[in-house]
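Asks: The structure is given below, and queries will be raised subsequently.
Residue numbers (my numbering): 170 to 249.
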């Protein structure tokens with residue numbers, strides 16, 4: 170994975186845990202045969218494709234309302 174892409178995608182997503190989940194889900198989709206949403210150079214790996222899709226706003230995601238509030242306020246959720 171390209172660290173520069175990771176940093177840019179982290180700025181877009183905000184929460185590193187959410188970024189990991191979004192990227193891993195997209196990598197699974199790409200590995201199972203889904204097509205990339207952008208033109209891909211031959212040497213680019215699936216994780217870099219997923220990160221680039223996030224950075225270029227080709228891939229969208231939703232966070233639960235309580236997660237959004239916690240991110241905005243800087244609070245962490247309590248473990249149950």
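Cβ coordinates follow ideal geometry from the N, Cα and C atoms, glycine included.
Return the CA-CA distance between residue 193 and residue 207, expressed in angstroms with no decimal places.
Replies: Counted from its first residue, the chain shown places residue 193 at position 24. Counted from its first residue, the chain shown places residue 207 at position 38. Spanning the two alpha carbons is a distance of roughly 18 Å.
Asks: Please look up how many angstroms separate the CB atoms of residue 188 and residue 224, rounded, as I've assumed it's under 8 Å.
Replies: Taking the chain shown and counting its residues from 1, the one referred to as residue 188 is at position 19. Taking the chain shown and counting its residues from 1, the one referred to as residue 224 is at position 55. Their Cβ separation, rounded to whole angstroms, is 11 Å, which puts residue 188 and residue 224 out of contact at 8 Å.
Asks: For the alpha helix (DSSP H) holding residue 192, just list the boundary residues, first then last.
Replies: Along the chain shown, one-based indexing puts residue 192 at 23. Its alpha helix (DSSP H) spans residues 185-200.
Asks: One question on the structure: do residue 199 and residue 215 come within less than 7 Å of each other, judged by their Cβ atoms?
Replies: Here residue 199 refers to the residue found at position 30 of the chain shown. Here residue 215 refers to the residue found at position 46 of the chain shown. Their beta carbons are under 7 Å apart, which means residue 199 touches residue 215 by this criterion.
Asks: Among residues of its own chain, excluding the 5 on either side of residue 181, which ones have a beta-carbon nearer than 7 Å to its beta-carbon?
Replies: As a first step, residue 181 must be located in the chain shown, where it is residue number 12. 223 and 224.
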